[in-house]
Structures are given as structure tokens and as C-alpha cells.
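Sequence order for the protein chains is A and B. Residue 313 is where the first sequence ends in numbering that gives the first Met the number 0, and the numbering goes up by one at each step. Residue 313 is where the second sequence ends in numbering that gives the first Met the number 0, and the numbering goes up by one at each step. Ideal Cβ positions, reconstructed from N, Cα and C, are used throughout, including at glycine. Structure, as C-alpha cells:
There are 2 protein chains.
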Amino acid sequence: MKPFGVGKSYKTKMEIAKKIVECVPNFSEGRDLDKIEKIVAPLRGKEGVKLLNYEADKDYNRVVVTVIGEPIAVRNAVVEAVGVAAGLIDLTKHEGQHARMGATDVVPFIPIKNMTMEECVELAKEAGAMIAEKFNIPVFLYEEAASAPHRQNLADVRKGQFEGMPEKIKLPMWQPDFGAPVIHPQAGVTGVSARMPLVAYNIDLDTKNIEIANKIAKCIRNSSGGFKYIKAGGVSLEDRGITQVTMNITDYSKTSMYRVFETVKMEAKRYGVNVLGSEVVGLVPLEALVDSASYYLGLYNFNMDKIIETNLWE
Amino acid sequence: MKPFGVGKSYKTKMEIAKKIVECVPNFSEGRDLDKIEKIVAPLRGKEGVKLLNYEADKDYNRVVVTVIGEPIAVRNAVVEAVGVAAGLIDLTKHEGQHARMGATDVVPFIPIKNMTMEECVELAKEAGAMIAEKFNIPVFLYEEAASAPHRQNLADVRKGQFEGMPEKIKLPMWQPDFGAPVIHPQAGVTGVSARMPLVAYNIDLDTKNIEIANKIAKCIRNSSGGFKYIKAGGVSLEDRGITQVTMNITDYSKTSMYRVFETVKMEAKRYGVNVLGSEVVGLVPLEALVDSASYYLGLYNFNMDKIIETNLWE
């Protein structure tokens, strides 16, 4: 059947233009459940703030926390959590598979509903200023909030990690956006950004050989010649005896999940390696999954309005 | 990363337990756009009623309309549309690829939010009574609203179609639930039901040979030995030069879209026929698509809460 008429005639009179922001702070603690609970505690039970998810990884020694809610309330709650993390995490003793520069490594703000990117950038700047002032943690703005082009890319900001930061932060190119050019002795520095929703996506490879994961990551990531909106690397998951290609899809509407998945499968074949499956870290936008379902089922004449639930949420 | 803690601490104080029902009336007109517009007109601009979609098919000579909203408002608007259809569609002159017994062939009510199946059954009975009384159209309740087990299955109720109904309706087994046992001369009879959301799904085959589509339909449908929750048949789309396996997936949570799709592909191979793609008719529940995306991407550690948007509508 080809649809020739789609009618939407009745708009709810209760159309409240409430702004919703998402914030996905990453903290450098993935093993001590007690510490993690203390860090997320300020995100619970606050008016206008909804703690959606937190996922810790022992290998990465990192936890990814997802909150949504009203911009000011979210900003304040997250800043409070950053303060708790600074008192609990000692980076001089930290090791893990994931690059990090701070006890709170990154604080990205993402527009979800009735918010512009400009508003998110403002929110990021406010949060950055608060973090530096309250906790003496220098702050680097990155992505859409970046104060200069060379500071846009998180990987460039974080290069050298916590250990290299005391020297780096004295360089003219790497003066913090907020705070003095002196790292917090235990908490390091924190990156704060505004960005579009990304998909944090890991693809499991049935091999312990990290070289293979690294090679495949190079094939798919932008920097080495891969897809424009992929940042990727290889990682070892020793307790599971496998490796992963771990990635951020920074624009899922242009570089689709299924395309990367199929490409990884295709590249893995050359090594005789199977792809075991994949996982999303944190939350994923609906469109990203529907786009992949659409591809695999060869769906035509489809759009998001055909999903019942999208019509309940206005 | 393995999630070990998921926190949802803040529930909106504005939790209104508003009931939402979906109704998917099918009318036996798929070619005359003017008539279709008149039939859907009562579904527009009514408080508490949202016209989401209507899809007409020339080959089927049928239009599938989807509305959601508050139960009483939806019931009343749909009954009004049934009245309009009765005045416009003359089944004595109707031909099309899809079985039909009425100008309004079926009126299913589906619980979407804060509604029980029992409440939908009540709503179906009210609507059925109204249709019979206002328009002299006999009504058969089916599916969850059925008044006897042999009347549950729509195919059994509709067997013989419009042409066979004048005789059938006189049989003791087939007395209408509402109205006298005399068909409406132009509008026939109407089936009214309550049911779970189904997925109306068509898979395109790159062949004009209807026998192949029919054979594949037999492989996948419950009645001939296929999947429990599939009702299917073959259909010719002559203007496109292809055939389709057309189906209803009556419980997508148990018989998944991807499973049927892959099975049809597998069966089509024996005839050297390609599957060109597929389409959803009307609306589809989010879970059905996400389930398929999950399969193809080998997603583990996934649940619906990980979709950002599901956290916005409560």
C-alpha cells in the first residue's frame, strides 16, 4: 500500500514548550560501587532532574551517567555530583582502559526538546564556570562550546591525559576556559561541552588479539580514513576474553549504526574473526535504532510518525 | 560495558492517568480520493481525537485509517465515519484484492495507554450497538470482544464475504451481535473488535507469479503450519508488477518482524525470487521495530528505557 494521505488534525491544547536537556557526565570510577552511588546521589530526588541510567565498566574504570530534565536543575545537580567525585576519586592512583583527564572527565550537554544548541552552549559555559569556582578544577570547553577550533575535538583536549596535563595546561594553546592553569591534584581537569546526541556503541569481536580490534577501529574511524562521524578504538575486555571496537557515532543520522556494524563484520572476516554482538552505552536516540531496523527489513514508505508511541509524545 | 545500576528516581508530579485508545477502522474504498476524504472528515478537528494516518490501496480497494485518543471521543467519531461510509460505498459494485464484508469492514479498538483489554471490549460493544442502531448495519463482535469462540477469528466471520452474508447471517451460528439478521443492502455488515496492537506487514517479492506468493504465505502462517501469530496470504500488485506476502502479525512480541522477514527470504530462494523490501501498513508499536534492530545488530544489555524518547513520555 502506498500512503497518499496522512492527516494530523488535532494538536493537544496542552502544548507546553518545556525545555529538556540531556547531560551525560563520565566519571573516572568504574569499580567501587559505593563511590559510584555517592557520586550519583545528588542526581536523585531533585525537582526537574531525572536520573535515567548509569553504566560502569571495570575495564575502563569509568562510569557513564545519563540524566535529563530542565536545564537549570540539571546543571546544578550535575555540578554537585562533580564536587562529590572530586572528593572521592584520586587520579594519581587511577588506571583503566579509557583515556581520562579528570575525576569528572567530561560533562556534555545535549539539547533534547525545545532547546537550541546555543542554549546548550550557554548552559555548558555556566556549568564550567561553576565547576572551576566551587572546586578549583580547571575546565576546558569543547565540541560546540569550544572557545577555539583546536579545542573542539575532545581527543585533542584530552591528549596526554591526567598525567600530561600539569605541563600542558601551562601552554598558551591550552589555557583552561575557567580556573587557573593548575590542575586539581586528585581531580585533574574537566571537559564541558554542548553537542548533538551521539551513540556510544561497542562491537564485540571473538578474539583476544587487541591488534585486530585496533586495526578494525582504524578502518571505520574518520581520522584514519573511515566514516566521517566515527571516532573509534580497540579495547581489551579481559574478564570476558574478548576485544571490542569501541566508538562514538557523533552523527547517527549520517553515519548509521547498521552501516558501521556491517562494515566491522566485513573487516573482521579477513582475520577469521566473528562479530559476537554489540551494545549501546548509555542511551540512544529512537531514530538511530529505527534507521537500522529500516535498513535490515528493507522498509519503504516509512517515517517516525508511523510508530504509535511517537504520537503520544508531543 | 555491563550496566549494573539503573536509577529512575524522579517521577513527574503531573502523572495524569489519561486513557488512550487506538482505533484502526478499515473501509472498503481505496480508489476514490474524494470519498475517502469524506469518510475521514468526522475524525478531524474533534476534541480528544487524533487522526494519525490513512493509507489507501488501489489493488485492495481499501483504506486503513488510524486514530488515537480518548475512548469515548474516539468511539463517537469513528461511529460517525461509519455512517458516512455507509452512504458512500456500494458493495454491490465493489471489487478488490482484499476480502470484505462491509463498507466499513472492521473497527478494532486497541488499548494503548492506561487501558485494559476489558475496557476496550466494553468500548467495542458500545460502538457496535451504536452502529447497528443508527445505520441499520448488523454488527459482529470478534477477537477479544467475540461473543462465542467460533466468532473470534475475523477470517471465519468474514468467510463468504459480502456476497455470502445475506444467507450466512440467517444461520443460528452467525446471528449478528447487534442489529437484525438482514444485511445493509449497500454497506453489508461490520466487524467490531478489541485486540492487542498488531503489525500489518507486507513483504515484496520480485515476481509476478501469485502462486509463489501464495506458497510462501502458507509457509509462514499459523493455519498452514507456520508461525503461531501470523495470518498471511499472497497478493498481486499489478501496477507495480510484483507480488506481496501480506500479513498480520497478531503478537509481534512473540512472532518477531525480523523472524518472518528472514523466513520469507529463505523460502523465496527456492524459487530464485528476491525479496525487494517490506512495508508496514498503518502504525507499528515501537517495540516491534526495536526488537528487529536488536536482532540484526546483536544488541545485548538492551531495554526500551535506553531509548532517550521513552523517558520523555510517561
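At least one beta carbon of chain B lies nearer than 8 Å to the beta carbon of A:L282. The C-alpha of A:N60 is placed about 14 Å away from the C-alpha of A:L87. B:L296 and B:G159 have their C-alpha atoms some 44 Å from each other. Listed in chain order, the positions of the stretch 256-279 of chain A with a beta carbon within less than 8 Å of a beta carbon of chain B are M256, Y257, F260, V274, L275, G276, S277, E278 and V279. Using a Cβ-Cβ distance cut-off of 8 Å, the stretch 153-169 of chain B and the stretch 65-79 of chain B are not in contact, since fewer than three pairs of beta carbons, one from each stretch, lie closer than that value.
Assignment of B:Y228 by DSSP, reduced to helix, strand and coil, places it in the coil class. Listed in chain order, the non-local C-beta contacts of A:D203 below 6 Å within the same chain comprise I241, Q243, L275 and G276, local neighbours out to five positions each way being set aside. In terms of CA proximity to B:Y270, B:A212 leads the group B:H97, B:P148 and B:A212.
Identification of chain B residues near A:V289 by a Cβ-Cβ cut-off of 9 Å yields L285, L288, V289 and A292, ordered along the chain. 8 Å or more divides the Cβ of B:M303 from the Cβ of B:V283. For the options A:E237, A:E286, A:M246 and A:E261, the alpha carbon positioned closest to that of A:D58 is the one of A:E237. Within the model, the alpha-carbon separation for A:M116 versus A:T103 is close to 23 Å. For A:T91, the closest alpha carbon among the candidates A:P184, A:S223, A:G29 and A:E121 is that of A:P184. Contact holds between the stretch 23-31 of chain B and the stretch 93-103 of chain B, because three or more Cβ pairs, one in each stretch, are under 8 Å apart.
In this structure, the CA atom of A:P180 is about 38 Å from the CA atom of A:S252. Annotation for B:R258: the continuous alpha helix (DSSP H) segment containing it runs M256 to K268. Look at A:H97 here: in three-state DSSP terms it is coil, with no helix or strand label. Chain order gives no chain A residues near B:P70, where near means a beta carbon separation below 7 Å; the closest approach is about 15 Å. From the beta-carbon of B:K112, the residues of chain A found nearer than 7 Å are L311. Within the DSSP secondary-structure output, B:Q243 pairs in a beta bridge with B:D203 and B:V234. Counting C-beta pairs with one atom in each stretch, the stretch 194-208 of chain A and the stretch 256-270 of chain A have three or more that are closer than 8 Å, which means they touch.
Going by beta carbons, A:V63 and A:C22 fall outside the 8 Å limit. With a threshold of 16 other beta carbon atoms within 10 Å, B:E36 falls short and is exposed. The beta carbon of A:E121 sits no closer than 8 Å to any beta carbon of chain B.
DSSP places A:F108 outside any alpha helix (DSSP H); the residue lies instead in the beta strand (DSSP E), whose first and last residues are T103 to K112. For A:V39, the enclosing alpha helix (DSSP H) stretches over residues L32 to V39. If you draw a straight line from the Cα of A:D33 to the Cα of B:F108, it is about 49 Å long. Put simply, the backbone Cα of A:G95 is about 13 Å away from that of A:D89. Of the candidates B:F226, B:K17, B:E210 and B:S222, B:F226 places its Cα closest to the Cα of B:T254.
Taken through DSSP and simplified to helix, strand or coil, A:N25 comes out as strand. A residue is called buried once 16 or more other Cβ atoms fall within 10 Å of its Cβ, and B:P148, having fewer, is exposed. Using a C-beta cut-off of 8 Å, the stretch 126-138 of chain A makes contact with the stretch 185-198 of chain A, since at least three inter-stretch Cβ pairs fall below that distance. Taking C-beta atoms as the reference points, A:V263 and A:V198 fail to come closer than 8 Å. In the structure shown, A:Y141 falls within a strand segment according to DSSP collapsed to helix, strand and coil. A straight line joining the alpha-carbon of A:A128 with that of A:H93 spans about 26 Å. Comparing alpha carbon positions, the residue from B:D56, B:K45, B:I19 and B:F177 closest to B:A144 is B:F177.
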